[in-house]
Amino acid sequence: MKMHRISLKYSPLPVPPNGGKLWVSLDKRGQQLRSTDFQPCKGDPSADGFVARGKATKECRPGLEQRQYSRPRNKVKKSANLISDEMELTSKISVQKFILTFILIGIWTIANSQQSDSLTYYLEIAAKNNPSVQQKFTEYQAALQKVPQVGSLPDPELNVGVFLSPMELVGGKQVADIRLMQMFPWFGVLKNAKDEMSLMAKAKFESFREIKLQVYYDVQRTWNELQKVQQSIRINEKNLEILHSLERLSLVKFKAASASGGASSGGSVSSGNSASATQGSSGMNTMGRNSGTSAAQASAAMPASPMATSGGSGLADIYRIQMEIGELENSIALFKNQDQTIAARFNNYLNRKPHSTVTLPDKLDADSLGLTISVIADSMLQNSPMLGMLEYEQKSLEARKLMVTKMGYPMVGLGVNYSLIGKDINAMSPDMNGADMIMPMMTITLPIYRKKYKAMQEEVELMKTANKQGYQATANSLQTEYYEAIQLYQDARRRMKLYDNQHELADKSLNILLKSFSASGSNLSDLLRIRQQAVDYELKKMEAITDNNTAIAWLKRLGNIKK
Numbered sequence: 010m011k012m013h014r015i016s017l018k019y020s021p022l023p024v025p026p027n028g029g030k031l032w033v034s035l036d037k038r039g040q041q042l043r044s045t046d047f048q049p050c051k052g053d054p055s056a057d058g059f060v061a062r063g064k065a066t067k068e069c070r071p072g073l074e075q076r077q078y079s080r081p082r083n084k085v086k087k088s089a090n091l092i093s094d095e096m097e098l099t100s101k102i103s104v105q106k107f108i109l110t111f112i113l114i115g116i117w118t119i120a121n122s123q124q125s126d127s128l129t130y131y132l133e134i135a136a137k138n139n140p141s142v143q144q145k146f147t148e149y150q151a152a153l154q155k156v157p158q159v160g161s162l163p164d165p166e167l168n169v170g171v172f173l174s175p176m177e178l179v180g181g182k183q184v185a186d187i188r189l190m191q192m193f194p195w196f197g198v199l200k201n202a203k204d205e206m207s208l209m210a211k212a213k214f215e216s217f218r219e220i221k222l223q224v225y226y227d228v229q230r231t232w233n234e235l236q237k238v239q240q241s242i243r244i245n246e247k248n249l250e251i252l253h254s255l256e257r258l259s260l261v262k263f264k265a266a267s268a269s270g271g272a273s274s275g276g277s278v279s280s281g282n283s284a285s286a287t288q289g290s291s292g293m294n295t296m297g298r299n300s301g302t303s304a305a306q307a308s309a310a311m312p313a314s315p316m317a318t319s320g321g322s323g324l325a326d327i328y329r330i331q332m333e334i335g336e337l338e339n340s341i342a343l344f345k346n347q348d349q350t351i352a353a354r355f356n357n358y359l360n361r362k363p364h365s366t367v368t369l370p371d372k373l374d375a376d377s378l379g380l381t382i383s384v385i386a387d388s389m390l391q392n393s394p395m396l397g398m399l400e401y402e403q404k405s406l407e408a409r410k411l412m413v414t415k416m417g418y419p420m421v422g423l424g425v426n427y428s429l430i431g432k433d434i435n436a437m438s439p440d441m442n443g444a445d446m447i448m449p450m451m452t453i454t455l456p457i458y459r460k461k462y463k464a465m466q467e468e469v470e471l472m473k474t475a476n477k478q479g480y481q482a483t484a485n486s487l488q489t490e491y492y493e494a495i496q497l498y499q500d501a502r503r504r505m506k507l508y509d510n511q512h513e514l515a516d517k518s519l520n521i522l523l524k525s526f527s528a529s530g531s532n533l534s535d536l537l538r539i540r541q542q543a544v545d546y547e548l549k550k551m552e553a554i555t556d557n558n559t560a561i562a563w564l565k566r567l568g569n570i571k572k
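What follows is the structure, encoded as C-alpha cells:
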C-alpha cells in the first residue's frame with residue numbers, strides 16, 4: 010500500500026497538533042481508507058500496510074488500523090457512494106417486483122386451469138349461452154314493452170272537411186271544418202291495464218327463472234353422468250390390466266406344466282418297456298391265459314397323464330381369461346360411446362359444438378346437502394318459480410277484472426271544432442263577416458250492450474279458477490318430486506355406505522386369491538368370480554355417488570337453493 014504525502018491546504022481533514030504532518034492511507038484504486046496525524050511505524054515485521062505510532066508513548070500499535078476504520082471519518086466514504094447504494098437498492102426492488110409478478114402470473118394460470126374443469130364454470134356458460142334461457146329472458150323483455158302500450162291514451166282523432174262549394178252562412182261563407190277529439194277511458198282503466206301487464210311481465214320473469222334452474226339441473230345431472238362414465242372406463246381399464254396379468258401368469262404356468270409333463274411321460278415309457286421284457290420270459294402259456302385280465306387291470310390301474318390333466322386345465326383357464334378380457338373390452342367400448350353421446354348433450358346445454366372438449370376432475374366425490382330436509386320443503390313452497398309465476402298470473406287476472414269492470418263505464422271525449430269562414434259581400438251582418446268559429450266539444454260513449462262486458466268478466470273469473478287449479482296441481486307435482494328426490498337421496502346414501510364396505514371386502518379377497526393363484530395356480534374360478542364382484546361393487550358405488558349428487562342437485566332445484 011502506497012503512502013502519499015498531501016499538502017494541508019488541500020486536505021479536508023482537521024490540522025494535526027504541533028505542526029505535525031497529516032498522513033493519508035490510500036488503497037490500490039487510490040481511494041482514501043483512513044487518515045491520522047501519526048507517523049508510519051518502520052521496521053515493524055508485524056505491521057501490515059499502515060501501523061501508527063502512538064503520540065505519547067511512541068510505541069508501535071498493531072491493530073490500530075482496524076480501529077481507525079470504525080471512526081466517524083468513514084462516513085465520508087459512505088456518502089461518496091450514496092448514488093451507487095441507491096442504484097443497488099433500486100435494482101433489488103425491481104428484482105422483487107419481477108419475482109412477485111411471476112408468482113402472480115403463475116397463480117392466475119393455475120386458477121384458470123382449475124376453473125376450466127369446475128362445474129361452476131360450466132354453469133356460468135350455460136346461463137349465458139343456453140338458447141332456452143335466452144328465449145325466456147327475451148320474452149320477459151318483450152312483456153315489459155307492453156306496459157307503456159296499454160298505459161297510454163288512445164290516439165286523438167283529427168277530422169278535416171273542405172266544402173267544394175262554400176256554404177252560405179249569415180256571417181260569410183264556410184270554407185272548411187276542422188275537428189280534433191281526444192277520448193279518455195273511465196278513471197282507473199289505464200292504471201289497471203298497466204298493473205296487469207306489469208304482473209304478467211313478472212310472471213314471465215319467473216318463467217325465465219324456472220327454465221334457468223331447469224338448465225342448471227340438467228347441466229349438473231349430465232355432468233354427474235359424464236363423471237360416472239369416466240370412472241367406469243377407468244375401473245374397467247384397471248381390471249383389464251389385472252386380467253392381462255392373469256393371462257400372462259396362466260400362460261407361463263401352462264408352458265411350465267407342458268415342459269414338466271413331457272419329461273415325466275418319457276420316464277414312464279422307458280419303465281414300461283423294461284417291465285414287458287421281464288414278463289416275456291415267463292412263458293407263452295401263462296401269457297396267453299392271463300392276457301385279457303392283465304390288460305384290463307393295467308388299464309384300470311394306470312393313472313392319467315400329468316401332461317393331459319394339467320395342460321388341459323391350464324389351457325382352459327387361458328381361454329376363460331380371454332373370454333373375460335373380450336367382455337371387458339366390449340364394456341369399455343360401450344362406455345366410450347356413451348361418453349361421446351353424453352358429452353354432446355352436455356355441450357348442447359352450453360350451446361357449444363357437440364365435439365367440444367369437456368374437462369372433468371380425476372376423482373368423483375360425493376356432495377353433501379348441507380341443509381335439513383324441512384328447510385328444503387319450506388323453501389320449495391315459498392321460492393318456487395313456477396308457483397311464483399302462477400301467483401303473479403293470479404294477481405294480473407285480478408287487475409284485469411277491475412279493468413274489464415271499468416271498461417263497461419262510458420268513455421269521455423274532449424275536443425274542439427274549428428270552422429273556417431270566408432267573407433261574403435252579401436253578408437247580412439258586417440261585424441261577423443269572415444269571422445272563424447271555434448266550438449269546444451265533448452263526447453260520451455253509451456255502453457248499452459252489456460252482454461259483451463258480462464262475458465269479459467265471466468272469462469276473467471274462469472281464468473282465475475283455472476289458475477288456482479293449476480297452482481294446486483303444480484304444488485302437488487312439486488311435492489311428488491320432492492319425495493322422489495328424498496327417496497333417491499336416502500337410497501343413494503345407503504348404497505354408498507354398503508358398496509363401499511362390500512368393495513373393500515371384495516378387494517381384500519381378490520388380493521388373497523391373487524397371491525394364492527400366483528403361488529399354486531389354483532382357484533381361478535373363485536378368483537374370476539371375486540374379481541367380477543369387486544368390479545360390480547365399485548361400479549355400483551360410482552352409480553350411488555352419481556345418484557347422490559343428482560338427488561342433491563334435484564333437491565336444490567326444487568328449493569331454489571343456489572349453494
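Heads up, the sequence shown is in the numbering used here, so the first residue is 10 and it goes up one at a time. The beta-carbon is built from N, C-alpha and C at its ideal position, and this holds for glycine as well.
A direct Cα-Cα distance of roughly 57 Å separates residue 410 from residue 549.
The Cβ atoms of residue 378 and residue 472 lie no closer than 8 Å to each other.
Around the C-beta of residue 520, fewer than 16 other C-beta atoms lie within 10 Å, and the residue is accordingly described as exposed. Going by DSSP, residue 449 is part of the beta strand (DSSP E) stretching over 446 to 453. Distance from residue 198 to residue 415 at the Cβ level is roughly 5 Å; contact confirmed, criterion being Cβ atoms closer than 8 Å. In this structure residue 444 is exposed. Its beta-carbon is surrounded by fewer than 16 other beta-carbon atoms within 10 angstroms. Per DSSP, residue 185 is one residue of the beta strand (DSSP E) stretching across 181 to 193. A distance below 8 Å between beta-carbons, with the five flanking residues on each side excluded, links residue 159 to the following residues of its chain, in chain order: 199, 202, 203, 205 and 206. By the Cβ neighbour-count rule, residue 230 is buried, with 16 or more other Cβ atoms within 10 Å of its own.
By DSSP's assignment, residue 569 forms no beta bridge with any residue. Put simply, the backbone Cα of residue 526 is about 17 Å away from that of residue 331. Annotation: the continuous beta strand (DSSP E) that includes residue 171 extends over 166 to 178. Within the same chain, 259 and 533 come within 7 Å of residue 326 by CB-CB distance, once the 5 residues on both sides are set aside. Residue pairing from DSSP places residue 431 in a beta bridge opposite 182.
Secondary structure at residue 373: coil, using DSSP grouped into helix, strand and coil. Going by beta carbons, residue 358 and residue 227 fall inside the 8 Å limit. Secondary structure of residue 367 (DSSP, three-state): coil. Of the residues assessed, residue 544 falls on the buried side of the cut-off, its CB having 16 or more other CB atoms within 10 angstroms. At a Cβ-Cβ threshold of 8 Å, residue 561 and residue 505 do not count as neighbours. Annotation for residue 466: 413 place their beta carbon closer than 6 Å to its own, counting only its chain and skipping 5 residues before and after. Secondary structure note for residue 495: its alpha helix (DSSP H) is the uninterrupted segment 459 to 529.
For residue 395, the uninterrupted alpha helix (DSSP H) run begins and ends at 394 to 416, by DSSP. Residue 450 sits away from residue 192, with the two beta carbons spaced by 8 Å or more. Within the DSSP bridge table, the entry for residue 421 names 193 and 453 as partners. With 16 or more other Cβ atoms inside 10 Å of its own Cβ, residue 181 counts as buried.
Proximity of the segment 475 to 487 to the segment 381 to 396 meets the contact definition, three or more beta-carbon pairs being nearer than 8 Å.
Residue 547 is positioned such that its CB atom lies closer than 8 Å to that of residue 244. Annotation: the continuous alpha helix (DSSP H) that includes residue 145 extends over 140 to 153.
For residue 404, the closest C-alpha among the options 558, 269, 219 and 469 is that of 469. Within the same chain, 330 come within 6 Å of residue 256 by CB-CB distance, once the 5 residues on both sides are set aside.
Cβ neighbours of residue 224 within its own chain (closer than 7 Å, five residues either side excluded): 135, 139, 141, 142 and 358. Selection 497, 127 and 417 evaluated against residue 458 yields 417 as nearest (Cα-Cα).
Separation of residue 488 and residue 563 (C-alpha to C-alpha, rounded to the nearest whole angstrom) is 12 Å. By the beta-carbon neighbour count (other beta carbons within 10 angstroms, threshold 16), residue 216 is buried. Rounded to the nearest whole angstrom, the CA to CA distance from residue 570 to residue 238 is 27 Å. With 16 or more neighbouring CB atoms inside 10 Å of its own CB, residue 213 falls in the buried class.
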